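As structure tokens, then:
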């Protein structure tokens, strides 16, 4: 038994030694595998970092290799951080003064050319439009958002041509006359709000008031809905949340971190799309809720056809079946005359794969929302700027009021036809849009194929921006550009204005499709306002030479608002 016990102990020692040896081998194998995995991932990181570094250097040597002057870019954000910190107005002026009329800069990682050369601008927007028919990459977010990317603003090539052809007939004179009644209701409510605030004998901040008015007009005329945006005591609605959220996103670009990342790092667009999609599903903003509401309205309208309604939504739905109204977008002139485009002798029907093109639900939703965002900021600011200039130049205001009251006394009310017939009103609006253009960085194009201008090569993929404000204030193109003078646009002088250096609505086939709508809204509102009230500068504006402006990549706005006092016309 002792021998047997010793044998068992020997076997146990042998088994233990064998297990220990196996464990040691396994441990060494696991450690080796872990090391190999770490080396693999480290190699991946090194390869990725090398690729990323080479890509960035290649991106940011774009203009240097072409011999195009411009500011040196940051490795991570190009020149976008400078634009965010100082604003488009200040940086464009600084760069144009330093580098000349053609400047290369980087909107994040996207190469952009600032072009202030009228000859090249005309080629880009009109003469050689076929080579620049797409819009420049002003917002990476807009092109990665699942809905925004479907709008006409962000559409490229044939898809843009289809949507422009379908949307243009919505803005003919006949349709604008129908929409005028919706604007009439909103402008009447605007005057009621003004009157209630006037009784407090305080200066009013007109930019906010005009923006609420224009947002209200667009909600009524685009979607056929009523809003409470003009009534400040009732600001708890989804519409108000959307208005405030949109305003914040337009004015405070530095907070839009996802927009910044999509602009600076387009290499990771799949990741940004995933983040945006996840955020839309799990953290709905006012815009997302608005998208849901409009989608329900679209579905209801499809199921209950009301073809006689005259709002933009219904006109877009009607365009799906009214294929005879499709137009040849290349017949659009610099004036953006929707009537001539849609009522021409032989309008071109746009076909895709042998079928008539239609707008999808998502395209209708995206274009309706784009109309809201683009419309209320620009038109609201334009009317605020005009009111400021009229308050500052009382002689011009008095002359304009005489013309406005003459029409009102003659016809008893303002209509589409008679406000468009007030010549001096048109002159004042035109000069105000020149003096304070609300759009400073949105007139963009993208080079589709390599283009050569006087030996300078513009590669395919490069974006171009037209600096509207700087063109409008260049003494090479305007006599005394810092003087507010509506006579520049009198019938006798209007023909002397080069449309290339004056384009508040853009030029060529890709000009602003809603130009007529914005003009009607401004003329109708300003005629009513001037017929009833006199405008005066508040004390905070009296000593300043001009308004202090601030700007995002796209818009310019008064830094501290526009404060005016009003008195009833006697």
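Numbering (our numbering), first residue to last: 770 to 1339. Each residue gets a CB set at the ideal place from its N, CA and C atoms; glycine is no exception. Just so we're clear, the structure is a prediction, and the values are computed from it rather than from any experiment.
| Assigned secondary structure, residue 963 (DSSP; H/G/I helix, E/B strand, else coil) | helix
| message | Just checking residue 979 against the ligand NAP - is the residue's beta carbon closer than 6 angstroms to any of the ligand's heavy atoms? | response | As for the ligand NAP, it is missing from this structure, which has no ligand bound.
| task | Report all residues from its chain with a CB closer than 7 angstroms to the CB of residue 1239; omit the five preceding and five following residues, and keep chain order. | result | 861, 862, 865, 885
| message | At the level of alpha carbons, what is the spacing between residue 996 and residue 988? | response | 7 angstroms
| message | Closer than 8 angstroms is the cut-off here; do at least three beta carbon pairs connect the region 1296-1310 with the region 1265-1274? | response | no
| request: Classify residue 987 as helix, strand or coil using the three-state DSSP reduction. | output: helix
| request: Using the Cα positions of residue 1128 and residue 927, report the straight-line distance between them to the nearest angstrom. | output: 13 angstroms
| CB of residue 1319 within 7 angstroms of CB of residue 836, strictly | no
| request: Note down, one range per segment and in chain order, each alpha helix (DSSP H) of at least 4 residues found wholly within the region 1166-1214. | output: For the region 1166-1214, the full-length alpha helix (DSSP H) segments reaching 4 residues or more read 1185-1189, 1192-1204 along the chain.
| task | Provide the residue(s) that pair with residue 1325 in DSSP beta bridges, ordered along the chain. | result | DSSP output for residue 1325 lists 1320 as bridge partner(s).
| message | Here's the rule I'm using: 16 or more other beta-carbon atoms within 10 Å means buried, otherwise exposed. How should residue 1181 be labelled? | response | exposed
| Looking at C-alpha atoms only, which residue of 834, 980, 1285, 1038 is the closest neighbour of residue 943? | 1285
| request: With DSSP as the reference, please indicate the residues paired to residue 1303 in a beta bridge. | output: 1336
| request: State buried or exposed for residue 1095, treating a residue as buried only when at least 16 other CB atoms are found within 10 Å of its CB. | output: Residue placement at residue 1095 cannot be trusted, given a pLDDT of 47 that sits under 50; what the coordinates show is reported in the next sentence. By the 10 Å Cβ count, residue 1095 comes out buried.
| field | Closest residue to residue 1172 among 1194, 883, 1161 (Cα-Cα distance) | value | 1194
| Hey, out of 1088, 1038, 1215, 1292, whose CA is closest to residue 892's CA? | 1215
| message | Can you tell me whether residue 935 is helix, strand or coil according to DSSP? | response | helix
| said: Going by beta-carbon coordinates alone, are residue 1206 and residue 1241 separated by less than 7 angstroms? | reply: A contact, by the Cβ cut-off of 7 angstroms.
| query | For residue 1199 versus residue 1155, is the C-beta spacing smaller than 7 angstroms? | reply | no
| request: Identify every residue that forms a DSSP beta bridge with residue 876. | output: Bridge partners of residue 876: 847, 879.
| Own chain residues within Cβ distance below 6 angstroms of residue 895, not counting five before or after | 1277
| said: Can you tell me whether residue 861 is helix, strand or coil according to DSSP? | reply: helix
| Can you tell which of 1336, 1225, 1322 has the C-alpha that lies nearest to the C-alpha of residue 889? | 1225
| Straight-line gap, residue 1151 to residue 960 (C-alpha atoms, nearest Å) | 18 angstroms
| said: Let's see if you can read the secondary structure: which residues bound the alpha helix (DSSP H) around residue 920? | reply: Element bounds for residue 920: n/a, residue is neither H nor E.
| message | On the CB-based measure, 16 or more other CB atoms within 10 Å of its CB, does residue 1295 come out buried or exposed? | response | buried
| task | Return the Cβ separation of residue 1086 and residue 1299 in integer angstroms, given the expectation that the two are a contact with Cβ distance under 8 angstroms. | result | Actually they do not touch by this definition, with Cβ atoms about 37 angstroms apart.
| field | Classification of residue 1290 by the beta-carbon crowding that lies within 10 angstroms, buried from 16 upward | value | buried
| request: For residue 898, I'd like the list of residues in its chain whose CB is within less than 7 angstroms of its CB, leaving aside the five on either flank, ordered along the chain. | output: 1277, 1278
| query | Quick one: what's residue 974 bridged to in DSSP? | reply | 1332
| said: Alpha carbons only, please: which of 1233, 986, 830, 1254 is nearest the one belonging to residue 1080? | reply: Among 1233, 986, 830, 1254, the Cα nearest to that of residue 1080 belongs to 986.
| message | Could you tell me the alpha carbon to alpha carbon distance between residue 977 and residue 815, rounded to whole angstroms? | response | For residue 977 and residue 815, the gap between their C-alpha atoms comes out near 52 angstroms.
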